[in-house]
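Working notes, structure below.
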Amino acid sequence: MKQYSNSKSVASGCLKVFLVVFGSIALLFGVFGLVDLVSGGQVVGTEEDVSYLTGIIMTTFSFAVGFGCFATFFMMLRQAKIIGYYIALIGNKKSIPIKWLAEKRNVSQEKVIKDLYKMMSRGVFTDGHIEENMNILLFPDENSIGEFKTVICKNCGGSVVIREGHEEKCTYCGARIRE
Ligand SMILES: [Zn+2]
């Protein structure tokens, strides 16, 4: 698996717990506030001089915060799922065509590039590099030396980015590529 910042995943785990706990408390306050408003201040024992309007504002605020927390939580779950999908697709590959990722994800190539940059900023695939003019995601190969270059696969005709002096397989058809 490629470089993945562990401290960031722990931090996001803590944030998820916080969102659920805090969101639940906020929703609970909202429910209490609502019951209080309906029952005319009997449940929480609101003083008569505390205006009805304050009650409405507090209740609305509690619900807004509660729903906001849960919305953020579910958004984070969705993002984690998307990141997991990219990690599974990319695996140990060293050069991945954006087009291929877009086809697998069933989204546009622009969306894939946006997703990749977003993930990189969050500590996933930090050693990756998007070669935008070639529309390819590259990872450094520790064993190789030399520059990246584009060669045409003799088997399928696809253009494949390889490291000079390094034998690699075609991203499209899997055939061995020799210079
Ligand atoms: Zn090929």
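Every letter in the sequence shown is one number past the one before it in this note's numbering, and letter 161, counting from 1, is 1467. From the three backbone atoms N, C-alpha and C, an ideal C-beta is built for every residue, glycine too.
Check: Say yes only if the C-beta of Asn1412 is nearer than 7 Å to one or more non-hydrogen atoms of ligand 1, and no if none qualify.; Outcome: no
Check: Would you mind sorting Tyr1392 into buried or exposed? The rule is 16 or more other CB atoms within 10 Å of its CB.; Outcome: buried
Check: Looking at the strands, I want to know which residues DSSP matches up with Glu1437.; Outcome: Ile1442
Check: Going by C-alpha distance, which of Ile1436, Phe1335, Phe1431, Glu1416 is nearest Phe1373?; Outcome: Phe1335
Check: What's the call for Cys1320, buried or exposed, on a 16-neighbour Cβ count within 10 Å?; Outcome: exposed
Check: Tell me whether Pro1403 is buried or exposed, calling it buried when 16 or more other Cβ atoms sit within 10 Å of its Cβ.; Outcome: buried
Check: Taking 8 Å as the CB-CB cut-off, is Phe1324 touching chain B?; Outcome: No chain B appears in the structure shown, which is made up of a single protein chain.
Check: Among Met1425, Glu1416, Ala1370, Phe1376, whose alpha-carbon lies nearest the alpha-carbon of Lys1405?; Outcome: Glu1416
Check: Counting only the same chain and skipping the five closest in sequence on each side, list residues whose C-beta sits under 7 Å from that of Met1426.; Outcome: Thr1432, Gly1434
Check: Measure the C-alpha to C-alpha separation of Ile1419 and Ile1436 and round it to an integer number of angstroms.; Outcome: 8 Å
Check: Could you give the residue range of the beta strand (DSSP E) that holds Arg1469?; Outcome: 1465-1469
Check: According to DSSP, simplified to helix, strand and coil, what is Glu1474?; Outcome: strand
Check: On a Cα-Cα basis, can you pick out the residue from Thr1477, Ile1331, Phe1324 that is closest to Phe1367?; Outcome: Ile1331
Check: Any residue with its Cβ nearer than 6 Å to a heavy atom of ligand 1 should be included. What is that list in chain order?; Outcome: Cys1459, Asn1461, Cys1462, Gly1464, Cys1476, Tyr1478, Cys1479, Ala1481
Check: Let's see if you can read the secondary structure: which residues bound the alpha helix (DSSP H) around Lys1400?; Outcome: Neither: Lys1400 is in no alpha helix (DSSP H) and is coded neither H nor E.
Check: Out of Met1364, Arg1428, Phe1380, which one is the CA nearest neighbour of Leu1325?; Outcome: Phe1380
Check: Take Ile1362 and list the residues in its own chain whose beta-carbon comes closer than 7 Å to its own, dropping the five residues that flank it on each side.; Outcome: Leu1343
Check: Tell whether a beta-carbon distance below 8 Å holds between Lys1455 and Ile1468.; Outcome: yes
Check: Along the beta strand (DSSP E) that carries Lys1455, what are the first and last residues, could you check?; Outcome: 1454-1458
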